[in-house]
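Note sheet for the following structure.
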Amino acid sequence: MITYRKARPEEFEAMASFANMVFNHKGDPIQFHRDLTKVYGPGADRRFAADMHTLAVDDALGIRAMIGALPNVMHTQAGDLGVRYIGTVSVHPQARGEGHMKAILPAVLKEAREQGADIALLGGQRQRYGYFGFVPSGTVWTMTVIPANVRHALGGVRAEDVAWRRVERADREGAHAAAQLHAKGRIRFDRPEDRFVEICESYAKELWLAERGGDVQGYVVTDRAKGEWLEVAAVDADALDAMVKSWFSRHGVGTLQITFPDWQAEDRLHVARYAEDVSMAPGACACILDPRRVARTLLAAKAGYAPVEDGALAFDVEGFEPFRLTVEGGAVGTASCGVGECMKLSAFEMSMLLCCPYPYEGRPEVPKTWFPLPVWAQGPDTF
3 MITYRKARPE EFEAMASFAN MVFNHKGDPI QFHRDLTKVY GPGADRRFAA
53 DMHTLAVDDA LGIRAMIGAL PNVMHTQAGD LGVRYIGTVS VHPQARGEGH
103 MKAILPAVLK EAREQGADIA LLGGQRQRYG YFGFVPSGTV WTMTVIPANV
153 RHALGGVRAE DVAWRRVERA DREGAHAAAQ LHAKGRIRFD RPEDRFVEIC
203 ESYAKELWLA ERGGDVQGYV VTDRAKGEWL EVAAVDADAL DAMVKSWFSR
253 HGVGTLQITF PDWQAEDRLH VARYAEDVSM APGACACILD PRRVARTLLA
303 AKAGYAPVED GALAFDVEGF EPFRLTVEGG AVGTASCGVG ECMKLSAFEM
353 SMLLCCPYPY EGRPEVPKTW FPLPVWAQGP DTF
């Protein structure tokens, strides 16, 4: 008999071992207790970890499927949003096709709504999760910089006095400096300072701090090959240029790929001036659990870094109370409204409208500068 239920603290080791087996069977060499210590490491809170996981358990065979939903808070200058990041989606190789995900994932999303979450995020194949209401979301910009760009565009930039150091978990001073910079971001997720380095090291990543004359210039989260900056924060544009230039001389990489979220507008536009290549893609898949709160909060956040034209739209979204979304002089607001004046959308259609970063067939006519909203989580905050 199969039972669908929340995990128990005493199942902590079994959950990590099950996830390792499933992912390794698919060819992914991840070891969750080593590569995602913020949830599965030796010092993790087992009660907290158990509470975020939902299992399919066979009375005779044990765990057959599992989903985790990592809670976090998205902080913006316009307010906070509750987030659940869906991860460690695992089905035993011999239990595939038995419908376990169809039972677990809707229950996880229902629980998230009941607990006040506004958005669910995950990384995964679009159509697979589209059945559960997830759509491509976020505008993520990737800049490719090569030595020729540095030589020609940054030739006059002083960078020889930039010192890099890898921030280890015992480096409280380095963690504090990086956490202080992270806290200044327009949109950011919770990262307690005492776990900041551990969170940045998720999925075999490293945290590096740049200094000049004892003053912090910025930090980056990079892969171990040093060819990707999955996150970067700099005190200003000059510091960012010096960091880019010095990284090449410090690590001798042939190319450097730098990822910027849409809301890091000044930095991405600055690096785009000299990058060899610039590309844009969705950053994750999102399911909007509270359209009114998400639309109001993230459209107001977007107005803080990009032009957002005046206008008004009324929505009647399946399963939610109708509401009107307005922008007037850069101020964003919402109000209740009657059904008759609203644009009728399913929950999936509303998520597409709010989140999808490219044109698609059947997209409603809306103010061009409103959507997509900045829905994304940077690498360390994923699950």
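Heads up, the sequence shown is in our numbering, so the first residue is 3 and it goes up one at a time. Think of the CB as a built atom: it goes at the ideal place given N, C-alpha and C, for glycine as much as any other residue. Note that this is a predicted model, so its numbers are computed, not measured.
Buried is the label assigned to E233, since at least 16 other Cβ atoms lie within 10 Å of its Cβ. Excluding five sequence positions before and after A52, the CB atoms of its chain that fall closer than 6 Å to its own CB belong to A9, R10, P11, given in chain order. Counting along the chain, the unbroken alpha helix (DSSP H) around L242 starts and ends at 239 to 253. Distance from I189 to M76 at the Cβ level is roughly 6 Å; contact confirmed, criterion being Cβ atoms closer than 8 Å. Beta-bridge partners of K8 (DSSP): T56. D225 is bridged by DSSP to K207. With fewer than 16 other Cβ atoms from the protein chains shown falling within 10 Å of its own Cβ, A314 counts as exposed.
Rounded to whole angstroms, T299 and A62 show a C-alpha spacing of 47 Å. Scanning its chain for C-beta atoms nearer than 6 Å, with the 5 sequence neighbours on each side dropped, one finds around F134 the residues L107, in chain order. Note on G381: 16 or more other CB atoms within 10 angstroms of its CB, so buried under the neighbour-count rule. In this structure A316 is in contact with C344, their Cβ atoms being roughly 4 Å apart against a cut-off of 8 Å.
Counting other Cβ atoms within 10 Å of its Cβ, T261 reaches 16 or more and is therefore classed as buried. Judged by DSSP secondary structure, S19 falls outside any beta strand (DSSP E) and instead within the alpha helix (DSSP H) spanning 14 to 27. The DSSP-derived three-state label of R326 is strand.
DSSP, read as helix, strand or coil, puts V199 in helix.
Within the stretch 298 to 377, the runs of beta strand (DSSP E) that reach at least 3 residues and sit entirely inside it are, in chain order, 313 to 319, 325 to 330, 333 to 338, 345 to 347. The beta-carbon distance between A308 and T384, rounded to whole angstroms, is 24 Å. This is too long to meet the 8 Å contact definition. Setting aside the 5 residues that flank it on each side, S348 is surrounded in the same chain by V319, E320, each with a C-beta closer than 8 Å to its C-beta; the list follows chain order. When Cβ pairs closer than 8 Å are counted between the two stretches, the stretch 134 to 153 is seen to touch the stretch 287 to 305, the count reaching three or more. At a Cβ-Cβ threshold of 8 Å, G125 and W378 do not count as neighbours.
For D279, the enclosing beta strand (DSSP E) starts and ends at 279 to 283. Between P73 and V296, the alpha-carbon positions lie close to 16 Å from each other. DSSP places H94 in the coil class of the three-state scheme, outside both helix and strand.
The stretch 239 to 252 makes no contact with the stretch 104 to 119: fewer than 3 CB pairs, one atom from each, lie closer than 8 Å.
In this structure, R66 sits away from H35, with a CB-CB distance that is not shorter than 8 Å. With a contact defined as Cβ atoms closer than 8 Å, L57 and R130 miss out at about 20 Å. Around the CB of P359, 16 or more other CB atoms lie within 10 Å, so the residue is classed as buried.
The alpha-carbon of A239 is positioned some 24 Å away from that of R193. Leaving aside the five residues that flank S353 on each side, the residues in its chain whose CB is nearer than 7 Å to its CB run, in chain order, G135, V137, A288, C289, I290. A direct Cα-to-Cα measurement between E311 and E330 gives close to 8 Å. F25 sits away from R48, with the two beta carbons spaced by 8 Å or more. In the DSSP annotation of this structure, the continuous segment of the beta strand (DSSP E) that includes V234 starts and ends at 230 to 236.
Counting along the chain, M103 sits inside the alpha helix (DSSP H) bounded by residues 102 to 116.
In this structure, the CA atom of T78 is about 33 Å from the CA atom of V159. By alpha-carbon distance to L375, the top candidate from E203, G99, W265 is W265. For F191, the pairing in a beta bridge is given by DSSP as M76.
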